[in-house]
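Numbering (the numbering used here), first residue to last: 39 to 771.
Don't be surprised by glycine CBs; every beta carbon is placed ideally from N, CA and C.
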């Protein structure tokens, strides 16, 4: 303790006479009031600055002495009221020869909450922390400095540079600055720090540069990444394989495959040669572009250089082949993969499984899945989601739930996508109540239904004509803050149009526009069709004009809707005018359009014209379907040309089209109207022999026919048979 007092006295004696009055052996005493004027006078003099400097030096020495002696109690009582940023920095400078003391001082400062740090103190602390290999502490301090308000990026770098030599630091500090910026996702700041450092004469390490480049490419700031890369080259930073892989990835992301090839050649000139990662990146990129041949060439080139393609490369090529429809070739690659000792993994099988499910091939999908299990490959969530989706779309909801349970038993938790697929499957089967229960279960499991889930339920309700429930669900969706999208409104518009409520559909259409959701051709076609079916041609024509004014031009569906409606009303001439307009605009009539015109002529009783259109249809390469023939048969039957109708049925069968219940009902009704009950009965028996089940219309025609012939006994027999089969007589009976 005596030694401490001697040191203190020696320091005091070196001060001018008027200054040592403010000192005591334990520290400073407060200046007396009468000295205030003297101090104010001295503030702007060189003498004052010298005195202040000496005082600061004394405090620095005192604090360093306490640190050195590990006398933290004395340091605690002495330091808080006397510390300035300059003093803290100078204490840390003195600690540059003894890093542990510096680290102790940093810990001390961390406990002193009252001290307000400046960039200079934080910078010195960062240098000491880095030298003491307390990298995480240094990063925390860097982040603190970065987040300090009012401190520019230039000031941060300048502060670190100005304290660099005093702390005996090393360039790792500047690497850490860049890496910390990158980890904090402050990529613009990291890029600017890189540029400021290079202007100050510091070259960040290649690892720090690669960290920055990788961060920029990851968020698709590719142009900025290239800017940094060319600056690296300019100042002579030696790039390495990691740099090559990052920049190749950047080029692949932008689909610049030729540039990637050139860059690879340039890097080889710099003796930076591609590795497995490089080839995998290029192979994956070519496969995404559908360039399977190029991917094969790269795979061969890779092998020639002694690099063995792995699962990543093979899976990419297999996926590319499957998407190109070359499944057989993909299976050959799978065999090659096994021959060279590579084990196909879950991702490999998921490619084949996904392809089968996309094509709707149930048997093939189950075969792949069983093969997968047979080879000991454990299915993942993707595997099960493929199968659950497939069976849900097929309407085989029981099998979908079998895979759902298998997935749960395997310890895999379903996600919102899987729940939504199952809800879709239940809706497809018309089981809306179960779908809503599953929605509730989904919510209980912590998965909130999204717009896709709600759209799936709304679609199911609309198809089942449960429009009141659909309306309630729509309101619930909005109340929960889920914004309806284009599909929401289009689904509801279609549902209300099918239900014969085009006005409600129009309200939704207007609401859709208010929400800045643009209707498309499908939305307009749905509404036009809805109003046409209600006979409101004025509104349909108004929507047609509105559609064109919005820059949405009618397609062949739009024309077919109006042509069908006009033909249904017998306005064939007007329908043909639209037909000609459609053809002039380059739209070829399809089978629906032809069938509409044929129906129009048949309704007018002009079977001859209808037959002409049938021949025109065939000449234009459109094959008549069952609807075409049934329409013509019905037209002939209405003209009481039953011989012609039967001839057309034979022609239909010769074309490979099997008559259905509609065909036979036309024939039975036609013969009954003419009182030809024997022939009607033959048609009825033919139906049964061909396993075509009669319906209410069949029985109604026969009963009315027998009644008109006064054969009440046969009429009652058929009536009883009709009731036994569950058919309720209608108003035509």
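Worksheet entry | Secondary structure, alpha helix (DSSP H): runs of 4+ residues fully inside the stretch 599-633 | As far as the stretch 599-633 is concerned, its whole alpha helix (DSSP H) runs of at least 4 residues are 610-622.
Practice prompt. Just the C-alpha distance for residue 13 and residue 680, rounded to the nearest angstrom, thanks.
Written response: Any property of residue 13 remains undetermined from this structure, which presents the chain solely from 39 to 771.
Worksheet item: What is the DSSP secondary structure of residue 572, reduced to helix, strand or coil?
Response: In the structure shown, residue 572 sits in coil (DSSP, three-state: anything other than H, G, I, E or B).
Worksheet entry | Rounded straight-line distance, which links the Cα of residue 308 to that of residue 194 | Cα atoms of residue 194 and residue 308: separation of roughly 35 Å, rounded to the nearest angstrom.
Fill in: Through-space distance from residue 476 to residue 407, alpha-carbon basis
Their backbone Cα atoms lie some 26 Å apart in a straight line.
Discussion item. Which of the three DSSP states is assigned to residue 13 in this structure?
Written reply: In this structure the chain extends from 39 to 771, so residue 13 is not present and cannot be described.
Worksheet item: Are residue 331 and residue 293 closer than 8 Å when you measure CB to CB?
Response: The Cβ atoms of residue 331 and residue 293 do not sit closer than 8 Å to each other.
Worksheet item: With distances taken from CA atoms, which of 169, 261, 426 and 701 is nearest residue 452?
Response: When C-alpha distances from residue 452 are compared across 169, 261, 426 and 701, the shortest belongs to 426.
Discussion item. Between which two residues does the alpha helix (DSSP H) holding residue 346 run?
Written reply: No alpha helix (DSSP H) contains residue 346, which DSSP labels as neither H nor E.
Worksheet item: Per DSSP, what kind of secondary structure is residue 583 in: helix, strand or coil?
Response: The answer is helix: DSSP assigns residue 583 an H, G or I state.
Worksheet item: Do the stretch 574-584 and the stretch 608-628 meet, that is, are 3 or more Cβ pairs less than 8 Å apart?
Response: Segments in contact, no.
Worksheet entry | Separation of residue 570 from residue 649, as counted between CA atoms | So the two alpha carbons sit approximately 26 Å from each other.
Worksheet item: How would you label residue 208, buried or exposed, when you count the other beta carbons within 10 angstroms and need 16 or more for buried?
Response: Under this definition residue 208 is an exposed residue.
Discussion item. Quick check: what's the CA-CA separation for residue 613 versus residue 439?
Written reply: Residue 613 and residue 439 have their C-alpha atoms some 50 Å from each other.
Worksheet item: Using the C-alpha atoms, what's the distance from residue 420 back to residue 264?
Response: Distance between the alpha carbons of residue 264 and residue 420: 36 Å.
Discussion item. For a test of the three-state rule: what should DSSP assign to residue 171, helix, strand or coil?
Written reply: The DSSP-derived three-state label of residue 171 is coil.
Practice prompt. Return the CA-CA distance between residue 669 and residue 700, expressed in angstroms with no decimal places.
Written response: For the pair residue 669 and residue 700, the Cα-to-Cα distance works out to about 10 Å.
Practice prompt. Quick one: which unbroken alpha helix (DSSP H) runs of 4-plus residues sit fully inside the stretch 248-277? Chain order, please.
Written response: Qualifying alpha helix (DSSP H) stretches, in chain order: 260-272.
Item to complete: Compare the beta carbon distance of residue 275 and residue 255 with 8 Å and say whether it is the shorter of the two.
Response: Cβ atoms of residue 275 and residue 255: not closer than 8 Å.
Practice prompt. Would you please state the rounded distance, in angstroms, between the beta carbons of residue 257 and residue 225? I believe it to be under 8 Å.
Written response: Rounded to whole angstroms, the Cβ separation of residue 257 and residue 225 is 7 Å, and the two are in contact under 8 Å.
Worksheet entry | Inter-residue CB distance, residue 531 and residue 491 (contact presumed, cutoff 8 Å) | The C-beta distance from residue 531 to residue 491 rounds to 20 Å, too long to fall under 8 Å, and the pair is not in contact.
Discussion item. What does the Cβ neighbour count give for residue 688, buried or exposed, with the cut at 16 atoms within 10 Å?
Written reply: Exposed, because fewer than 16 other Cβ atoms sit within 10 Å of the Cβ of residue 688.
Discussion item. Can you list, in chain order, the residues of its chain with a C-beta nearer than 6 Å to that of residue 546? Leave out the 5 residues immediately preceding and following it.
Written reply: For residue 546, the CB contacts under 6 Å within the same chain, skipping 5 residues up- and downstream, are 527, 530 and 531 in chain order.
Worksheet item: Is the Cβ-Cβ distance between residue 463 and residue 484 less than 8 Å?
Response: Cβ atoms of residue 463 and residue 484: not closer than 8 Å.
Practice prompt. Assign residue 766 to one of two classes, buried (16 or more other C-beta atoms within 10 Å of its C-beta) or exposed (fewer than that).
Written response: It counts as exposed.
Discussion item. DSSP three-state label for residue 647, please.
Written reply: Per DSSP, reduced to three states, the secondary structure at residue 647 is helical.
Worksheet item: Nearest CA to the CA of residue 33: which residue from 217, 659, 203 and 184?
Response: Past the boundaries of the shown model lies residue 33; the chain is included only from 39 to 771, so the question cannot be answered.
Discussion item. Mapping the DSSP letters down to three states, classify residue 501 as helix, strand or coil.
Written reply: Helix.
Worksheet entry | Separation of residue 310 from residue 282, as counted between CA atoms | Distance from the CA of residue 282 to the CA of residue 310, rounded to the nearest whole angstrom, comes to 8 Å.
Item to complete: Name the residue from 738, 706 and 710 whose alpha carbon lies nearest to the alpha carbon of residue 724.
Response: Nearest C-alpha to residue 724: 706.
Worksheet item: Around the C-beta of residue 164, are 16 or more other C-beta atoms found within 10 angstroms, so that it is buried, or is it exposed?
Response: Looking at its Cβ environment, which holds 16 or more other Cβ atoms inside 10 Å, residue 164 is buried.
Worksheet item: Which of helix, strand or coil does DSSP assign to residue 483?
Response: Residue 483: coil per DSSP, three-state reduction.
Worksheet item: With 16 other CB atoms within 10 Å as the buried threshold, where does residue 549 fall?
Response: It is exposed - the Cβ of residue 549 has fewer than 16 other Cβ atoms within 10 Å.
Worksheet item: Taking Cβ positions, are residue 266 and residue 251 nearer each other than 8 Å?
Response: The beta carbons of residue 266 and residue 251 sit closer together than 8 Å.
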